[in-house]
Ligand SMILES: [Mn+2]
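Numbering (the UniProt record's numbering), first residue to last: 1 to 500.
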C-alpha cells in the first residue's frame, strides 16, 4: 500500500506511482460541471462513451497489448477493453458496462472478476454487463444520449463514437459532448499533473541512461532498447508514448525517423550528432522528450553552434511563456532567437527582421514549436471552435494549436534546427531566401543531421514549470557522458552462423 493514498489506485509496484481512482471521478465531475453550464445541454442528458476494443493482428488470433482509448481513459481510468460508460449530467452518477465473459475465459485468461470488484476499483456508482445497456439506460430515462463525435485536429480522424445494439431506441446528440470534453482535457488537474511529472521523471532518467551508455559502433535501435528497458523495468511503463525516433548523423534531419521503413537501424558513427526523441507512458499519461548530443560525448565547434542556437530558442520560450501569451508568438520568438544565433555563428547574413518577414525559419525548422500533451502525446483541443484557426504559412501551419496559453495547460517546447537538403536547395534557389544564406557555410553543414531540444512544460499562473530533468547545456551533457564512459557496456558479438 502506498503511503498517504487511499485505495483504490492503479500501480505497477511500490517503485512506481500509485494513481488514485479519484483522478477520474474528478475528471467526470469537471465534465458534468461544464455540461451543466452549457445552456444547449438538457439536464436529463446522459453522457455515453465506448472504450477501446480488443483487436487481433490481422486475421490471426494474436492480440497486441491493449491500450485504452484516451477519452475513455480520461473519464474512467479503466484498463480493460470492450467496456462502455455512462454519466448522468444531472447528478454525475456513473455507470460502467463491462463485457460478460464466457466461462472459458477463466481457463485461458484467469479468474473472472465479479462486477462488484470493478465498482470498487474504478469508484463508479454502478456496474452492469454490456448486454444490459439498453435496459439500464431505459431506467435512467435520458432525454438524450450525448455521444462523442468530432475530428482530431492532429490526425484528421474522427473519434470512436459509441454504438450498441438498440441505440436507435434513444435520442442521440453527437455534437455537444466533443468540444466540452476536449476542453476539459486541455487543462490538467493537480492529480493528472502528478502522473505527468512521474512519467516525465522516469523518461528523463531513461534518457540519461542512454546518454551514458551510447557508444560509437552501436545500432541506433540499441539506444531505443536501453530507453524502453529503463522505462518499463524501473518505471512500470509498458508502453512508450510514440515510436522512438533515434536518428544519428544525417538521420537526425528526418523528422519522423524510426518508422518501419527506417527502423533506427543505422550504425552510429564516431562523432555523429544523435537526436533521440523518446517518451515513456504510464497509465495512459504520456511524455515526449528529445535530447541531442554527439555520440562520442564531446561537441565539435559546429555541433556547439547549432546546439546552442536551438537551446537559446528553447530557453527564450521557456522564460516567456505564461498565461495570455499566444502560442504562435512563441513559435515566432523561437524562430527569431534561433536565426539571430545562427547569424552570430556565421551561417546567415543580413537583417534578422528581414529573415523573419521572408519566413526563413521554416527552412531550418519546418515543424511547429510544440503541442499539447496528456493522455495523447499530441493531445486534443488544439483547434476547437472559438479559438484561433490554423495559420497558413509554412512552419506556422504545422503548429498543433494557435491558442493563447492558460494555466494548467501542458505543452512541449521543441525547437529544432535541421539541415535538410530538399529545403536548403529550395532556399538557395529562391532569391527572397538565398541572400540570407552564407553558401560555403551552408555547404559545410550539409549532412550534419539536426538538433532538437524538446521539453515538457506546465503553464503556471506566472510562467512555466519544467516537467523533465535532463542535462541541457553542453557542459552538463559532456559531464554526464564522461561519467558514462566508466560503465562497461556489453555489445552483442557478430552471429557466427549466417546464411551461406
Ligand atoms: Mn513532441
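All residues carry an ideal CB built from backbone N, CA and C; glycine is no exception. Please read these numbers as outputs of a predicted model, since none were measured by experiment.
Residue j beta carbon less than 8 Å from that of residue i
| i | j | result |
| --- | --- | --- |
| residue 38 | residue 139 | no |
| residue 417 | residue 317 | no |
| residue 464 | residue 457 | yes |
| residue 389 | residue 402 | yes |
| residue 452 | residue 419 | no |
| residue 72 | residue 92 | no |
| residue 48 | residue 162 | yes |
| residue 98 | residue 124 | no |
| residue 481 | residue 218 | no |
| residue 412 | residue 381 | no |
| residue 285 | residue 199 | yes |
| residue 404 | residue 324 | yes |
| residue 78 | residue 122 | yes |
| residue 176 | residue 41 | yes |
| residue 16 | residue 235 | yes |
Status (buried if at least 16 other CB within 10 Å, exposed otherwise) for residue i
| i | result |
| --- | --- |
| residue 69 | buried |
| residue 166 | exposed |
| residue 129 | exposed |
| residue 300 | exposed |
| residue 499 | exposed |
| residue 319 | exposed |
| residue 224 | buried |
| residue 454 | buried |
| residue 35 | buried |
| residue 488 | exposed |
| residue 196 | buried |
| residue 207 | buried |
beta-carbon residue i near ligand 1 non-hydrogen atom, thresh 7 Å
| i | result |
| --- | --- |
| residue 414 | yes |
| residue 454 | yes |
| residue 288 | yes |
| residue 239 | no |
| residue 256 | no |
| residue 371 | yes |
Range of the contiguous beta strand (DSSP E) that encloses residue i
| i | result |
| --- | --- |
| residue 278 | 273-278 |
| residue 289 | 289-294 |
| residue 65 | Run containing residue 65: none; DSSP gives neither H nor E here. |
| residue 246 | 245-248 |
Residues sharing a beta bridge with residue i, DSSP
| i | result |
| --- | --- |
| residue 417 | 451 |
| residue 158 | 151 |
| residue 39 | According to DSSP, which records beta bridges pairwise, residue 39 is partnered with nothing at all. |
| residue 239 | 281 |
| residue 377 | DSSP lists no partner for residue 377. |
| residue 85 | 49, 96 |
| residue 126 | 95 |
| residue 425 | In DSSP, residue 425 forms no bridge with anything. |
| residue 465 | 458 |
Terminal residues of the alpha helix (DSSP H) in which residue i lies
| i | result |
| --- | --- |
| residue 50 | Taken as a continuous stretch (DSSP letters only), residue 50 belongs to no alpha helix (DSSP H), being part of the beta strand (DSSP E) at 46-50. |
| residue 118 | 115-122 |
| residue 220 | 220-235 |
| residue 489 | Segment: none, residue 489 is in no alpha helix (DSSP H) and carries neither H nor E. |
| residue 361 | 361-364 |
| residue 200 | 190-213 |
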